[in-house]
Structures are given as C-alpha cells and as structure tokens.
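Here's the structure we're looking at; comments come further down.
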Ligand SMILES: Cc1cc2nc3c(=O)[nH]c(=O)nc-3n(C[C@H](O)[C@H](O)[C@H](O)COP(=O)(O)OP(=O)(O)OC[C@H]3O[C@@H](n4cnc5c(N)ncnc54)[C@H](O)[C@@H]3O)c2cc1C
Ligand SMILES: Nc1ncnc2c1ncn2[C@@H]1O[C@H](COP(=O)(O)O)[C@@H](O)[C@H]1O
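Residue numbers (the numbering used here), protein chains in the order written: chain Y, 168 to 489; chain B, 25 to 275.
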C-alpha cells in the first residue's frame, strides 16, 4: 500500500500528451497498489499549471514554484523531487521517458536508494511491470523490490488522462541552496518547426538515408507532411548525416512513436528503427528495394523510387481531401 | 586529467536476439559480443580529450563476467591506458552498477567520468545519472559536444534533448554520458592491438569492493514480442491511397 506521485512535465506552459499519459499510468499503478495518485509540478510561475494538472483525476497536486526551477536542471529538480517524495511518503514515482524524464528519474532514484524500471508499458495486477529490452526484441516482466520505487513510462503505451473532477492543489515551499546546483543552464537552441510535435501527432512521415540530403526532406517530405497534417520523423542515418535535426530521430535510442499512420520513406527498417515505430496502427513503407526489412512490418508496402512516388502520393492525398 | 570510462559487454547490435524457450534469458549461443556502442563513443571522446591536452590517463571499467576482458582489451587497443574488470557472474541493475562505479571513481580520484547514455541490452539509460548523484557531481547526459575550459576546471556540454539542443556549463568533476552524435569512434589499429596486450587489465572480484549490489530491479521473465502481420505490397500510389482511405481508414 502506498501512494503514487507523477512528475508532471510541462512544455511552454502546457501539459503535453506525454505528460497526460504519465498521469494515466500513475492512476493505473495506484489502482494496482491500492493507493492514491498524486502529481507534482515544478517550475517558475506554475500555479495555473498546478490547477490544470489537478483536473485530470489526481488526488493532490503539489506545486513547487521558484526562480531556481525556471529552467530544468537535474541537480535542483532532484533535490526538490526527492524532498517531496520523502515528505509525502510516496511509494512509486512515475514520469514519461522524455529527455527530461530520462535525465531526472534515475538521479532521484539514486538519491532515494530506489530501484528503477525504464520505459514501462504496463503495470500488472500482481504488482509486476512490463517493459521492453534489447530494442524491443524482448518483452520482460520485472519487479521492483523495496520502497520507494521509480518507473519511467513509455507514453505510447498509455492513453492520455481525461479531465475528471478537481484534485486539491497544495503549494510546498522547498528552499534550494542556489550555490549547490552545480550545473548551469546556458542556452536552448530550439529546432524551429511549424509541424506538429513528433510524439503528439496522429500521422508521422519519416525519411531515411534514401532521401539523400536535407533539401530533399524539404522538397519531397514537407509537402506530404503538410497535406496530411503530419509530424516529420527520421532514421538515425538521416540525422547522423545532418539532413534533419537530432530530435526527429525515431527508434531504440531516439523517440518512440505510435501514431495511427506511420509512413517510412527511404528507410531500410533496421531493428533499432523498428523499436521506435512498430506499435503504430498502420504502417506504410516506400522503398525501392523489395527486400528491405521495413516491408515485413508494413501493412502497405510500395516498392518504388521515392522521388517519383512521394510527389504522386502528395497529389493523390490532396485530391482525396478536396 | 584522469578520465574514467565504464564500458559494458553487450550483444552486437546487428545480431538477432532470441528468447530462450523457458523465458529465463536470451539465447547466447553463437552471439557476437561488442563494447556497448555508446561506451565506444565515450572511449573515443576520452581519447580525444587526452590527445588534445597532450596528457592524462584514460581508465576503462567493466563490470561483468571474465569474458568482458575481451571488450576491455578492444578499448585498450583503441588507446585507453589501463582497465579494471570488476568480476561478477550475476547481472547487476543500474543502481548496482552505479554503486560499484561510485566506489571505483572515488578510489581512483577521477576528474571526469565519460560513459554511454544507455546500454543497448537492458535499454535502461540510468547508470550515469545515478552515479552522478551518488558522487554529488553535476551531470550532462545525451552529450553531442563536450568542450573543456582551458584551465580544465569546467566543461560546457551540448545535449540532445526534446525540441532541440541544450547547452549546460558545469564545474568538474562531472559525469557526462554520450549520445550518438558526439563523435565517430576510431577502429583499433594493428599496433594498437599489439600494445594493448601489454597494458594493465586488473581483475577485482566484486565481493572485494564491499558494495551492496543486491538488485532492486529483478527480471522475472522474458518473452518475444508479438509479431506484426505485415508484408502486403501495393501496386501503385493510387491503390495505396485508396486502401489508406477505405480499408485502414486513416486518411
Ligand atoms: C547503438 C545504436 C543505436 C541506434 N539507434 C537508432 C535509432 O534510434 N533509430 C534509427 O533509425 N536507427 C538507429 N540505429 C541505426 C540503425 O541500425 C540503422 O543503421 C539506421 O536505422 C539506418 O537508417 P536508414 O534506414 O535511413 O538507412 P539505410 O539502412 O541506408 O537505408 C536506406 C534505404 O533507403 C532506400 N532507398 C534509397 N534510395 C531510395 C529511393 N530513391 N527510393 C526509395 N528508397 C530508396 C534503400 O533501399 C534503403 O532501404 C542505431 C544503431 C546503433 C548501433
Ligand atoms: N556492467 C557494466 N559495466 C560497465 N559499464 C556499465 C555496465 N552497465 C552499465 N554501464 C555503463 O552505464 C551506462 C548506462 O547503462 P544503463 O543504465 O544500463 O543503460 C552504459 O552505457 C555504460 O557506460
């Protein structure tokens, strides 16, 4: 018996879908453990976000507000989160495996001497957890011993929490020694894009090495993304070659997505790429090599030269939409 | 400057992983083993820092069965100076790994720990962050660029995060974990391989360290994933769009 605490990550003053999935996961975990699901919001000027978070079916939302929390930095956030965990005698800490979740949760776990499971996809009735290993080649049933415990979750495996009732908001004041946080935030060089966020979109169009260069992403993939309202993704090879920014990488060591439609263009389908998209509802592959492994997971495979097929595809979709 | 680089023995990322019928683990017969790719990147970065500074020491640390000495030798052949293998027949969880590393980093008085962001077997992505906290050091995970200050007292690290690149600065010592774009690791040269044979590779039984490594995370059972039913081909773009619209109903 114990309570669950969800770390509610926010982006530009909003709760992204990935955070709503963490809340849903926290609720699932709490119902298994037989405790309550709470959430915590950290940042500067986040009172309204606290209230917003409280509307997603959590018992309580703890809000810690302060200048030192304006930009996420692991040391300061660990300090505060570990403090909340202790003050509120939390049994299980949950957050999504975003860049921040991955950076923060293990550090908090170490602070508390807690075991941690990464990328959990299910909290089972018997208290065990399910998580992938070996780039998704293995689905493991694992157990976390002792209390407290920490679990990061894979957002694609949980629905987004829905608005439901109004939880209580409790402001906590935790003083941070500004001299203690050793790492300092210097800058954030944001990737500018008008496209939907990769982890939020219901359609994703990804390009691989077959695109040959960055301009071709703009000339060939952008228009297709545009007509479909899709987010753009990429393989590691395309990112390594500098065709597109790093945060578009889909895969074992990049982002995991599961949209209703995933279109892989000029991507061979290495296991590391499949690990990030094979739970998509419908998969389409466009590749000139009929033997490319991507076709084995594709619901619809088109063997074609992408430079001919993609503009045609864009036109056909346009026609359909009119 | 003394740089410690933990390096794990893992199955080659190009190999096919199969689960044993009894679910107790993966089939290891005929598997090829390599240095965890992210750790290889960390080794490369450590070597580049040493080369740039014109001095210092790069010490590799492996935790695992005696077979892990193979991967440590490969790291020595790349150019690392010496290696320590903490021999453990039982697999550790990331907290156990971090605790062992904490002890060694303290004993060795390292100035920087460079390691992989993630071991590609368990895919945990935890040990670096945990180690940083146990040491009360700052951390820079998912690094794509590491710049040391001229006085070697601080570092500026560019990190691959959601939505772009983040820059952090921190005093040393620190823990830095490597992402894919940090560098492209060198191959061990023939002279490198020859030299590596003579380099020190010290084995320490894990029991000698006096560190609690009882796993908090236990793997109870492994199963293969459900196989996706794919493989259908379409003849034309028109047919594809038709099917996406009327059959899959996704556009
Ligand atoms: C530690 C590690 C982590 C990794 N993590 C990831 C990860 O997170 N995500 C990831 O994606 N990869 C990852 N990889 C890399 C992965 O193993 C593959 O190398 C990579 O996915 C290949 O990218 P690609 O399919 O774009 O390139 P390629 O394998 O080179 O495939 C290009 C494809 O384009 C096709 N093509 C070429 N020209 C045309 C054309 N004109 N028309 C149509 N088709 C064309 C070719 O037939 C080919 O199939 C990782 C690897 C390692 C070792
Ligand atoms: N058994 C091990 N031996 C040496 N280093 C390890 C070991 N396990 C993990 N590491 C290091 O910790 C990093 C992160 O591992 P993990 O938390 O397991 O994903 C790896 O990239 C290695 O640098």
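Ideal Cβ positions, reconstructed from N, Cα and C, are used throughout, including at glycine.
Being a predicted model, the structure only gives us computed values, none of them experimental.
Handout entry: Distance between beta carbons of residue 216 of chain B and residue 102 of chain B, contact taken as under 8 angstroms
Key = 7 angstroms
Exercise for the section: For the stretch 115 to 139 of chain B, enumerate the residues whose C-beta is nearer than 8 angstroms to any C-beta of chain Y, in chain order. Expected result: 117, 118, 119, 122
Practice task
Assuming residue 261 of chain Y contacts residue 171 of chain Y (C-beta within less than 8 angstroms), just tell me the rounded distance between them.
Solution key: 6 angstroms
Handout entry: Check whether residue 194 of chain B and residue 266 of chain Y have beta carbons under 7 angstroms apart
Key = no
Exercise for the section: Would you give the residue range spanned by the alpha helix (DSSP H) that residue 138 of chain B belongs to? Expected result: Taken as a continuous stretch (DSSP letters only), residue 138 of chain B belongs to no alpha helix (DSSP H), being part of the beta strand (DSSP E) at 136 to 140.
Problem - chain Y within 7 angstroms of residue 89 of chain B, Cβ atoms only - result: no
Exercise for the section: Assign residue 177 of chain B to one of two classes, buried (16 or more other C-beta atoms within 10 Å of its C-beta) or exposed (fewer than that). Expected result: Classification for residue 177 of chain B: exposed.
Exercise for the section: Using the Cα positions of residue 87 of chain B and residue 95 of chain B, report the straight-line distance between them to the nearest angstrom. Expected result: 11 angstroms
Practice task
Just confirm the distance between the C-beta atoms of residue 289 of chain Y and residue 324 of chain Y, as a whole number of angstroms; I'd bet it's less than 8 angstroms.
Solution key: 7 angstroms
Problem - Through-space distance from residue 104 of chain B to residue 221 of chain B, alpha-carbon basis - result: Between residue 221 of chain B and residue 104 of chain B, the C-alpha separation is close to 12 angstroms.
Exercise for the section: Pull up the distance between the alpha-carbon of residue 378 of chain Y and that of residue 388 of chain Y, whole angstroms please. Expected result: 9 angstroms
Handout entry: Proximal chain B residues relative to residue 320 of chain Y, where beta-carbon distance stays under 7 angstroms
Key = Simply none; closest approach about 13 angstroms.
Exercise for the section: Could you tell me if residue 63 of chain B is buried or exposed, where buried requires 16 or more neighbouring beta carbons within 10 angstroms of its beta carbon? Expected result: buried
Problem - Where residue 237 of chain B meets chain Y, residues with beta-carbon distance less than 9 angstroms - result: Those within 9 angstroms of residue 237 of chain B in chain Y number zero; the least Cβ separation is about 12 angstroms.
Problem - Among Y:183, Y:189, Y:169, nearest to residue 197 of chain Y - alpha-carbon criterion - result: Y:169
Practice task
Can you tell me which of the three DSSP states residue 153 of chain B falls into?
Solution key: helix
Exercise for the section: Determine the DSSP secondary structure at residue 251 of chain B, reduced to helix, strand or coil. Expected result: coil
Handout entry: residue 170 of chain B beta carbon near ligand 2 (any heavy atom closer than 6 angstroms)
Key = no
Handout entry: Any C-beta of chain B under 7 angstroms from that of residue 330 of chain Y
Key = no
Practice task
Buried or exposed for residue 207 of chain B, please, with buried defined as at least 16 other CB atoms from any protein chain shown within 10 angstroms of its CB.
Solution key: buried
Problem - Short Cβ contact (7 angstroms threshold) for residue 29 of chain B with residue 66 of chain B - result: yes
Practice task
Give me the Cβ distance between residue 182 of chain Y and residue 218 of chain Y, rounded to the nearest whole Å; I'm assuming they're in contact under 8 angstroms.
Solution key: Not quite, the Cβ-Cβ distance comes to about 11 angstroms (not below 8 angstroms), so this is no contact.
Exercise for the section: Could you tell me if residue 489 of chain Y is buried or exposed, where buried requires 16 or more neighbouring beta carbons within 10 angstroms of its beta carbon? Expected result: exposed
Problem - Closer than 7 angstroms to chain B by CB, residue 356 of chain Y - result: Interface criterion met: the Cβ of residue 356 of chain Y is under 7 angstroms from a Cβ in chain B.
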